[in-house]
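Structure record follows, encoded as structure tokens.
Number of protein chains: 2
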Amino acid sequence: MTASTGSGAGTRPRRRADAERSIARIVAAARGRLGSDPNATTDDIAKAAGVGRMTLYGHFKTRAELVDAALRDAVQDGDRTLAAVDLRGDAYEAMRRLLVSSWALVAESAALLTAAQGVLPAGRVRELHAGPAVRVGELVRRGQDQGVFRTDMPTAWLVGVVQHILHGAAEDVRGGRLELPPGEVSDVVTKSVLAVLATPPAPGP
Amino acid sequence: MTASTGSGAGTRPRRRADAERSIARIVAAARGRLGSDPNATTDDIAKAAGVGRMTLYGHFKTRAELVDAALRDAVQDGDRTLAAVDLRGDAYEAMRRLLVSSWALVAESAALLTAAQGVLPAGRVRELHAGPAVRVGELVRRGQDQGVFRTDMPTAWLVGVVQHILHGAAEDVRGGRLELPPGEVSDVVTKSVLAVLATPPAPGP
DNA sequence: AATACCTCGTACGTTGATGTACGAGTTCTA
DNA sequence: TAGAACTCGTACATCAACGTACGAGGTATT
Chain A
731 MTASTGSGAG TRPRRRADAE RSIARIVAAA RGRLGSDPNA TTDDIAKAAG
781 VGRMTLYGHF KTRAELVDAA LRDAVQDGDR TLAAVDLRGD AYEAMRRLLV
831 SSWALVAESA ALLTAAQGVL PAGRVRELHA GPAVRVGELV RRGQDQGVFR
881 TDMPTAWLVG VVQHILHGAA EDVRGGRLEL PPGEVSDVVT KSVLAVLATP
931 PAPGP
Chain B
731 MTASTGSGAG TRPRRRADAE RSIARIVAAA RGRLGSDPNA TTDDIAKAAG
781 VGRMTLYGHF KTRAELVDAA LRDAVQDGDR TLAAVDLRGD AYEAMRRLLV
831 SSWALVAESA ALLTAAQGVL PAGRVRELHA GPAVRVGELV RRGQDQGVFR
881 TDMPTAWLVG VVQHILHGAA EDVRGGRLEL PPGEVSDVVT KSVLAVLATP
931 PAPGP
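Residue numbers (the numbering used here), protein chains in the order written: chain A, 731 to 935; chain B, 731 to 935.
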């Protein structure tokens, strides 16, 4: 949800209510279809939205623009989820909470990300991810200050690893490569991520 | 390198030497181009091979067939690399050796894998990876038996995580998202992977 | 040296998706 | 309720990549 379709938010002539509704449905459909197939066509998406292809093009000049809107929407949801998680206290436990509550969303948007990477300029994708990335980065850094997360690797890399494990797991699930009860996936993902982040026990050789 | 282009190896009418050479160049070029851009066209590849597009189609009926051959070639190289690594003794150290010596190859073939996933049937990709995957899987299992690798997650998942971290790092490098001296990448990747695999210190809550 | 094999250019047919044009009908909004 | 905004079908223009056809030359092999 969360339309806010204007490229440059703010001064907008005002849109009619039904248009607003159409846009919301299209964006939702785009998230859904692109989330299960990164190559979904505009036609697929329009059909899934229960809307004519022309209506879609009435609101999004190009396919790229649509993908951008879909990703923006998904990221916004993610950011909201992150904001709702209590990140205070022990960073280790905070990270666990964060992973548990964001796994589902990340999983269903993994393919969407792939789609975006293929269509949007590289910089744009980073830009859209900036919000959540900063939040995670801050938590990681705080964990490092607390001594519970390792400091022998750059923070940026650690954040990257978190993403890679999440994204990889999502792809595995989507491709049926992972034979694991869906509920447990969240578990192993969480454990794996925390294992990377945690301060190593013995003085590493 | 390593042509062996016949789909059904063995009884083949025999090919002329120059054809063999062309094929080798084409496969090498395919690995190169697809390794830096998963969407490289047959035209790109032919040009990179210093060969006419028609010559290419003379040897590979479809683009998919070419991608298959390229991936097969890369995997074969990988398998050879793995075979050359001494996997005896402490599994932890063996894994470190394995990661160090295979990182470069994995990195340069990451995009090729992506290309293959888009074009080849899902099962085919797994089939091609079977060789190396089994080798890594065996090492992981051996580490679990030795008590140095964790046993609270399925072996298959652990193998998957190894791949995800490697692949993710490769993508980061390719996209310039990772600002790290190339030499150090191998280091952090190795450390990260080993952190996931290692037996956790305290009894996990 | 004869022959079968290989190279490779040009040109064409095909497919699949993107995006545009037009226009008639419908539904908000004021 | 008048008019602007929106929907949406059909039809078409475009484009990029794939793959095929033909045929004139080279080059390995025997």
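All C-beta atoms, glycine included, are put in the ideal place defined by N, C-alpha and C. All figures in this text were calculated on a predicted structure; none of them were measured in a lab.
Given that a residue counts as buried once 16 or more other Cβ atoms are within 10 Å of its Cβ, and exposed if not, what is G740(B)?
Per-residue confidence for G740(B) stands at a pLDDT of 39, beneath the threshold of 50, marking its modelled position as unreliable; no derived number is given.
For A928(A), does the three-state DSSP call read helix, strand or coil?
Three-state result, A928(A): strand.
Using only the alpha-carbon positions, how far apart do G788(B) and V892(B) sit?
The C-alpha of G788(B) lies about 38 Å from the C-alpha of V892(B).
Proximal residues of chain A, C-beta to C-beta of M883(B) below 8 Å:
By Cβ distance, chain A contributes V918, K921 and S922.
At which residues does the alpha helix (DSSP H) containing M784(B) begin and terminate?
In the DSSP assignment, M784(B) falls within the alpha helix (DSSP H) that extends over R783 to H789.
So, does the CB of V926(A) fall closer than 7 Å to a CB anywhere in chain B?
It does; some Cβ of chain B falls within 7 Å.
Does chain A have any CB closer than 7 Å to the CB of P931(B)?
When Cβ-Cβ separations below 7 Å define contact, P931(B) makes contact with chain A.
Among residues of its own chain, excluding the 5 on either side of P768(A), which ones have a beta-carbon nearer than 8 Å to its beta-carbon?
A841, L842, T844, A845 and G848, listed in sequence order.
Alpha carbon to alpha carbon, how far is M825(B) from V869(B)? Give it in angstroms, no decimals.
Sequence check: residue 869(B) is Leu here, not Val. So the alpha carbons of these two residues sit roughly 7 Å apart.
With a threshold of 7 Å between beta carbons, is W833(B) in contact with chain A?
Chain A, which has no Cβ nearer than 7 Å to the Cβ of W833(B), makes this no.
For F790(B), collect the residues of the same chain with a Cβ closer than 6 Å to its Cβ; drop the 5 residues on either side in sequence, then sort them by chain order.
For F790(B), where only same-chain residues beyond five positions count, the Cβ hits under 6 Å are L796.
Three CB pairs or more closer than 8 Å across the stretch 746-753 of chain A and the stretch 816-835 of chain A:
Look at the beta carbons and you see the stretch 746-753 of chain A not touching the stretch 816-835 of chain A: under three pairs across the two are nearer than 8 Å.
Mind checking if D798(B) is an interface residue toward chain A, Cβ cutoff 7 Å exclusive?
When Cβ-Cβ separations below 7 Å define contact, D798(B) makes no contact with chain A.
Alpha helix (DSSP H) segments (min. 4 residues) lying fully within the stretch 787-838 of chain A:
Qualifying alpha helix (DSSP H) stretches, in chain order: 793-814.
8 Å Cβ shell around L828(A) - same chain, five flanking residues per side excluded:
Excluding residues within five positions, the ones whose Cβ falls inside 8 Å are L812, V815, L817, V866 and L869.
Proximal residues to L908(B) (C-beta, below 6 Å), its chain only, five neighbours per side dropped:
So the list reads D902, once near-sequence residues are dropped.
Taking Cβ positions only, does G898(A) come closer than 7 Å to chain B?
By the rule that beta-carbons nearer than 7 Å mark a contact, G898(A) touches chain B.
Tell me whether G906(A) is buried or exposed, calling it buried when 16 or more other Cβ atoms sit within 10 Å of its Cβ.
The C-beta of G906(A) has fewer than 16 other C-beta atoms within 10 Å across all chains shown, which makes the residue exposed.
State yes or no: is the beta carbon of R746(B) nearer than 7 Å to at least one beta carbon in chain A?
Under the 7 Å criterion on CB atoms, R746(B) is classed as non-interfacial with respect to chain A.
Residues of chain A with CB under 9 Å from V849(B), in chain order?
Close to V849(B), with beta-carbon spacing below 9 Å, lies no residue of chain A; the smallest spacing is near 11 Å.
Within a Cβ cutoff of 7 Å, which residues of the same chain sit near R871(A), ignoring the five residues on either side of it in sequence?
Beyond the five residues adjoining it in sequence on each side, R871(A) comes within less than 7 Å, by CB distance, of T885 in the same chain, given in chain order.
Against chain A, which members of the stretch 859-871 of chain B pass a CB distance test of less than 7 Å?
Going along the stretch 859-871 of chain B in chain order, one finds no residue with a Cβ nearer than 7 Å to chain A.
By the criterion of Cβ-Cβ separation under 7 Å, what are the contact partners of G765(A) in chain B?
What G765(A) touches in chain B, judged by beta-carbon distance under 7 Å, is nothing: the nearest beta carbon there is about 17 Å away.
Selected residue, minimal CA-CA separation from A928(B), among A759(B), G808(B), E838(B) and M883(B):
Considering only alpha carbons, the answer is M883(B).
Measure the CB-CB distance between R761(A) and A770(A) and report whether it falls below 7 Å.
Annotated as distal: R761(A) and A770(A), with beta-carbon spacing of 7 Å or more.
Please tell me whether D820(B) has its Cβ less than 7 Å away from any Cβ of chain A.
Not a single C-beta of chain A is nearer than 7 Å to the C-beta of D820(B).
Taking 7 Å as the cut-off, decide whether the C-beta atoms of A799(A) and V757(A) are in contact.
Yes. Within cutoff.
Please say whether A899(A) and V923(A) have beta carbons closer to each other than 7 Å?
The answer is no: Cβ separation not under 7 Å.
CA-to-CA distance, Q876(B) to R793(A), given in whole angstroms:
Distance between the alpha carbons of R793(A) and Q876(B): 53 Å.
Skipping 5 residues on each side, what residues in its chain have a beta carbon closer than 7 Å to that of G782(A)?
Answer for G782(A): A776, listed in chain order.
Rounded straight-line distance, which links the Cα of A925(B) to that of V926(A):
Straight across, the Cα-Cα distance linking V926(A) with A925(B) is about 5 Å.
Can you name, in chain order, every residue of its own chain whose Cβ lies under 6 Å from the Cβ of A779(A), other than the five neighbours on each side?
Residues of the same chain with a CB within less than 6 Å of the CB of A779(A), apart from the 5 flanking positions on each side, are R755, I756 and A759 in chain order.
Buried or exposed by the 16-neighbour rule on C-beta atoms within 10 Å, applied to D773(A)
Here D773(A) is exposed: its Cβ has fewer than 16 other Cβ atoms, across all protein chains shown, within 10 Å.
If you count every other CB in all the chains shown that lies within 10 Å of the CB of G765(A), and 16 or more means buried, which is it?
If you draw a 10 Å sphere on the C-beta of G765(A), you find 16 or more other C-beta atoms in it, and that means buried.
Own chain, CB closer than 7 Å to G861(B), minus 5 neighbours either side, in chain order:
Excluding positions up to five away in sequence, the list reads V805 and D809.
Report the rounded CA-to-CA distance for R880(B) versus P911(A), giving the unit in angstroms.
Their backbone Cα atoms lie some 20 Å apart in a straight line.
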